[in-house]
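Line by line, the protein sequences are chains A and B. With numbering that gives the first Met the number 0 as the guide, the letters of the first sequence map in order to residues 0 to 263. With numbering that gives the first Met the number 0 as the guide, the letters of the second sequence map in order to residues 0 to 169. Note that the Cβ used here is the ideal one computed from N, Cα and C, for glycine as well. The structure under discussion appears below in the form of structure tokens.
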Amino acid sequence: MAKRDIPEINAGSMADIAFLLLIFFLVTTTMDRDKAYVRPIPKKVETPIPPPDVQERDICAIVANSANQLMVRGEFVEDPDDISDLVLEFFRTNEKLTSAETAQYAMDPAYSGFEFPFYNRFGIGEIEQKIQKTTKEAEEVENTPDADPALIEYFWSKVSEWEKKKSALKLYGRAELPEISPQSHIRIEVQIKTGYEYFAKIQSEIEEALFELRDEAAQKIWGYGYGRIITRLGNEPADKEFLAKKGLLELLYPARIIEVTPKK
Amino acid sequence: MSKFKKGGKKGAPGVNTSSLPDIVFMLLFFFMVATTTKDADPTVEVTQPTGVRAEDMTPFKQRSEIDFLYLGVPRNKSRIESFDMGYALFLDNVAQPSPGDLYNVNAVRRWKLNKFDEKPDRMKQPLKEVITCVKADEQAPTGIIFDIRKELQEIEALKLAYAVKDNGNY
């Protein structure tokens, strides 16, 4: 019997097929990424609780009216690019004060930074005390008969808050953990006719300021920027070490933003 | 008697194209990896404002944990008058009869719930976690965005994202 050659498959049309697919993906590709500022919406409350008293100095109000004029902390701002500087000022003015200075200046209206939020500083001893105290309270509530489960949970969340601060302080590597006044927040007030452009600009400026603050802190503590932490978490969302680092930076410079629903 | 052939037919040698598929495949794979498919072309006009340091939504898109809605002036000018302040909503993947339809804010709630119900169970995230991304025109009144926010608050979809054009990288 004659030797039979295995016939080769003609692959000439492979290129055509590949081209067809290539052109499909070429046409459907959009290279620009969707970028956005993600913000939580507060839960709806059935019975409105009276808002807690917040001191004037703890609010960083950014206002944009329907004529698209901007105001930060009661003063007109000509150039929207200046907002981030004012937000930085809000965070930085009293940041470097020691506990003793804070106690003194917080009562002194003549002090130049009186109108800005003050920081609390916690040493490890104080945090340990707080953990013990809150744990005791939580256990007490748990042991009372017919205690509301939501209430128990609330008390335990207090404990874990302090536990978090403890590990954050350890990561921070200093003697004290500074924390901006817990009531301080950034408030965005717009009107119904305010252009989205301005609303987005305000969000962008806040984000820029927060990035700069966190970046500087990250550089000081670990020698690399906040951007690297974010990139890392983008690729590896469950990286414990970097999650803790991000948590610390967010504790130091929290993004507490309140968006006020416009009425007119 | 010479060792060199002279004369005869001398055609240009054919170029070997056997590596053409390889090159094409390489390009193909690049585009396949770089592609995220677009759900629909919005029938409202949206020029996004610019911003910096915005978060990349691609990971959420890949896990389909994000719904997009567009807010802008309808391309079909005759329809402008039927919408609140002249701005209409275009919802992606609507569960309504015709996909090009435009809506007022009151349709957001049903759209969101419908999309949530349609998702297969294994891909389901709690509604609270599914981001709603508003791509609004830079001229759009912010009041409408707050109306959308209120609708989302009612159904406890508690994550809202404001889209911008961000050319920066980090």
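(message) Quick check for students: name the residue ranges of the beta strand (DSSP E) that lie wholly in the region 111-176 of chain A, counting only runs of 3 or more.
(response) 118-122
(request) Out of Leu27(B), Leu68(B), Gln61(B), state which residue places its alpha-carbon closest to the alpha-carbon of Pro41(B). (result) Position 42 of the second sequence, counted from the first residue, corresponds to residue 41(B). Comparing Cα-Cα distances from Pro41(B) to each of Leu27(B), Leu68(B), Gln61(B), the minimum goes to Leu68(B).
(message) As a quick exercise: from Gly13(B), Ser77(B), Arg52(B), Asn103(B), pick the residue whose alpha carbon is nearest that of Ala208(A).
(response) For this step, residue 208(A) is matched to residue 209 along the first sequence. Here the closest residue by C-alpha is Arg52(B).
(request) Go ahead and pull the three-state DSSP assignment for Arg38(A). (result) Numbered from 1 along the first sequence, position 39 holds the residue referred to as residue 38(A). DSSP places Arg38(A) in strand when its eight states are reduced to three.
(message) Rounded to the nearest angstrom, what separates Ile179(A) and Ser156(A) at their Cα positions?
(response) Residue numbering aside, residue 179(A) sits at position 180 when the first sequence is read from its first letter. Residue numbering aside, residue 156(A) sits at position 157 when the first sequence is read from its first letter. Rounded to whole angstroms, Ile179(A) to Ser156(A) spans 20 Å at the Cα level.
(request) Answer yes or no: does any C-beta atom of chain A fall closer than 8 Å to that of Arg52(B)? (result) Walking along the second sequence from the start, residue 52(B) turns up at place 53. Yes, Arg52(B) counts as interfacial toward chain A.
(request) Drop a sphere of 10 angstroms on the beta-carbon of Val259(A), count the other beta-carbons inside from all chains shown, and report buried for 16 or more, exposed for fewer. (result) Counted from its first residue, the first sequence places residue 259(A) at position 260. Per the 10 Å Cβ criterion, exposed.
(message) Under 8 Å, CB to CB, which of the residues in the region 6-33 of chain A have a partner in chain B?
(response) Ala10, Met13, Ala14, Ala17, Phe18, Leu20, Leu21, Phe24, Leu25, Thr27, Thr28, Thr29, Met30, Asp31, Arg32, Asp33
(request) Just confirm the distance between the C-beta atoms of Ala156(B) and Leu126(B), as a whole number of angstroms; I'd bet it's less than 8 Å. (result) Position 157 of the second sequence, counting from 1, holds the residue named residue 156(B). Position 127 of the second sequence, counting from 1, holds the residue named residue 126(B). That belief holds up - the Cβ atoms of Ala156(B) and Leu126(B) are roughly 5 Å apart, short of 8 Å.
(request) Could you tell me if Gln68(A) is buried or exposed, where buried requires 16 or more neighbouring beta carbons within 10 angstroms of its beta carbon? (result) Here residue 68(A) is taken as the residue at index 69 of the first sequence, counted from 1. Flag for Gln68(A) reads exposed.
(message) For Glu183(B) and Leu159(B), what's the separation of their Cα atoms in angstroms?
(response) One cannot answer for residue 183(B) here, as it falls past the ends of chain B, which runs 0 to 169.
(message) So with CB distances below 7 Å, who are the chain B contacts of Gln202(A)?
(response) Counting from 1 along the first sequence, the entry for residue 202(A) is found at position 203. Going along chain B in sequence order, the residues near Gln202(A) (Cβ under 7 Å) are Gly50, Tyr161.
(request) Give the interface partners of Lys245(A) over in chain B, defined as CB-CB distance under 9 Å, in chain order. (result) Taking the first sequence and counting its residues from 1, one reaches residue 245(A) at position 246. None at all; the shortest Cβ gap to chain B is about 13 Å.
(request) Spell out the partners DSSP gives Pro140(B) in its beta bridges. (result) For the purposes of this step, residue 140(B) is taken as residue 141 along the second sequence, with counting starting at 1. Answer is Gly194(A).
(request) For the alpha helix (DSSP H) containing Arg186(A), list its first residue and its last residue. (result) Here residue 186(A) is taken as the residue at index 187 of the first sequence, counted from 1. Segment 184-189 is the beta strand (DSSP E) holding Arg186(A); no alpha helix (DSSP H) there.
(request) Would you kindly work out how many angstroms separate the C-alpha atoms of Ile65(B) and Ala216(A), rounded to a whole number? (result) Walking along the second sequence from the start, residue 65(B) turns up at place 66. Walking along the first sequence from the start, residue 216(A) turns up at place 217. Cα to Cα, the separation comes out at about 32 Å.
(message) Under 8 Å, Cβ to Cβ, is there at least one residue of chain B near Val158(A)?
(response) As a first step, residue 158(A) is located in the first sequence; it is residue number 159 there, counting from the start. Not one chain B Cβ lies under 8 Å of Val158(A).
(request) Please look up how many angstroms separate the CB atoms of Leu27(B) and Phe210(A), rounded, as I've assumed it's under 8 Å. (result) Locating residue 27(B) in the second sequence gives position 28, counting from the first residue. Locating residue 210(A) in the first sequence gives position 211, counting from the first residue. Between Phe210(A) and Leu27(B) the Cβ distance is about 37 Å, and since that is not below 8 Å, they are no contact.
(request) For Phe145(B), return the contacting residues in chain A, with the cut-off set at a CB-CB distance below 7 Å. (result) In the second sequence, counting from the first residue as 1, residue 145(B) sits at position 146. In chain order: Thr260, Pro261.
(message) Check whether the region 118-130 of chain A and the region 172-189 of chain A touch, using three or more Cβ-Cβ pairs below 8 Å as the test.
(response) yes
(message) I need the DSSP call for Tyr252(A), collapsed to helix, strand or coil.
(response) To locate residue 252(A), count along the first sequence from 1; it is residue 253. In the structure shown, Tyr252(A) sits in coil (DSSP, three-state: anything other than H, G, I, E or B).
(request) For Phe30(B), go through chain A and note every residue whose CB falls closer than 8 Å to its CB, in chain order. (result) Taking the first residue of the second sequence as position 1, residue 30(B) is located at position 31. Going along chain A in sequence order, the residues near Phe30(B) (Cβ under 8 Å) are Leu21, Phe24, Leu25, Thr28.
(request) May I have the straight-line CA-CA distance separating Gln264(A) from Tyr225(A), to the nearest angstrom? (result) Given that chain A is displayed from residue 0 to residue 263, the structure contains no residue 264(A) and the question cannot be resolved.
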